[in-house]
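See structure below.
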Amino acid sequence: RFGGARMVRNLYPTSEASTSMGTTGAVINAASGITWPVGITSNGFEIVEDTSTGNHYAGRSATLTVGLLQQISVYAKQKTAGRYLQLAGAGLGGVSECPVFDLGNGTVDVPATTTVCKSAAIESIGFGIYRCSALIYPTSEVLAFGITNDASNNALASYAGSAGSGVYINGI
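Under my numbering, the first residue of the sequence shown carries the number 2, and numbering increases by one thereafter.
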């Protein structure tokens, strides 16, 4: 019998509304030509880094409840080799607990400390698409998905981007 905090799943706006997310060092485009799993009817979108030096992510204020255990999940596919999906925001970056999902090898780097990020997982569903998820205790309502060039950096990644590199995501 579970006696811990109540868990809530996927309180983030759907992919159809995600092209209106704010960005830093990145642009968001509608994805085309990607075959997503059965049951996902939107095309999803791609987060593409620009050439600035700094963080490369897209995010906005969501309906995350601060201090309530929540599971965030997204379907993701690698667009560019050497670029990884990073879950940021929600207080994760402030304590260097951003899970980093390697969409080429199907692995996830989970931070050693667990103040905000309690766990993270990656599951292959075929055709190079992965379900990436994390259990978090958010300390902020803002959730972001980022691109990083370092598969084991759990802090917000800062580097000079190369225009066009990025990741595809869907089904938030």
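Glycine included, C-beta positions come from ideal geometry on N, C-alpha and C.
Neighbourhood of T54 by C-beta distance below 6 Å, restricted to the same chain and skipping five residues each side
Within the sequence shown, the letter at position 53 stands for residue 54. The beta carbon of T54 sits closer than 6 Å to the beta carbons of A161 from its chain, once the five residues preceding and following it are set aside; these are given in chain order.
Ignore the nearest five residues each way along the sequence and tell me which others in A32's own chain have a CB closer than 6 Å to its CB.
If you number the sequence shown from 1, residue 32 lands on position 31. Same-chain partners within the cutoff: N44, G45, F46, E47 and Y169.
Tell me the residue span of the beta strand (DSSP E) that contains D151.
Position 150 of the sequence shown, counted from the first residue, corresponds to residue 151. Unbroken run through D151: none, as it is neither H nor E.
Report buried or exposed for E124, applying the criterion of at least 16 other Cβ atoms within 10 angstroms of its Cβ.
Translated into positions along the sequence shown, residue 124 becomes position 123. Residue environment for E124: exposed (fewer than 16 other C-beta atoms within 10 angstroms of its C-beta).
Would you call the CB atoms of C118 and A145 closer than 9 Å?
As a working note, residue 118 is residue 117 in the sequence shown. As a working note, residue 145 is residue 144 in the sequence shown. No; because the gap between Cβ atoms is not below 9 Å, this pair is not in contact.
Under 9 Å, do Y85 and D151 count as touching if we go by C-beta distance?
Within the sequence shown, residue 85 is the residue found at index 84, counting from 1. Within the sequence shown, residue 151 is the residue found at index 150, counting from 1. Yes, the pair counts as a contact, with Cβ atoms nearer than the cut-off.
Can you tell me the Cα-Cα spacing of V111 and N171, whole angstroms?
Residue numbering aside, residue 111 sits at position 110 when the sequence shown is read from its first letter. Residue numbering aside, residue 171 sits at position 170 when the sequence shown is read from its first letter. One Cα belongs to V111, the other to N171, and the distance between them is close to 21 Å.
Test: V75 CB closer than 9 Å to a CB of chain D
Within the model displayed, chain D is absent; a lone protein chain is all it includes.
Could you tell me whether the Cβ atoms of I126 and Q72 are closer together than 9 Å?
Taking the first residue of the sequence shown as position 1, residue 126 is located at position 125. Taking the first residue of the sequence shown as position 1, residue 72 is located at position 71. No.
F102 burial status per 10 Å Cβ neighbour count (16 or more: buried):
Position 101 of the sequence shown, counted from the first residue, corresponds to residue 102. Buried, by the Cβ-count rule.
Does the distance from the CB of I148 to the CB of S166 come in under 9 Å?
The count along the sequence shown starts at 1 and reaches residue 148 at position 147. The count along the sequence shown starts at 1 and reaches residue 166 at position 165. The beta carbons of I148 and S166 sit closer together than 9 Å.
Given a threshold of 16 other Cβ atoms within 10 Å of its Cβ, counted over all protein chains shown, does S120 qualify as buried or as exposed?
Mapped onto the sequence shown, residue 120 falls at position 119. Counting of Cβ neighbours within 10 angstroms places S120 among the exposed residues, the total staying below 16.
How long is the line joining the alpha carbons of C133 and Q79, rounded to whole angstroms?
Along the sequence shown, read from residue 1 onward, the residue named residue 133 stands at position 132. Along the sequence shown, read from residue 1 onward, the residue named residue 79 stands at position 78. Approximately 12 Å, taken between the alpha carbons.
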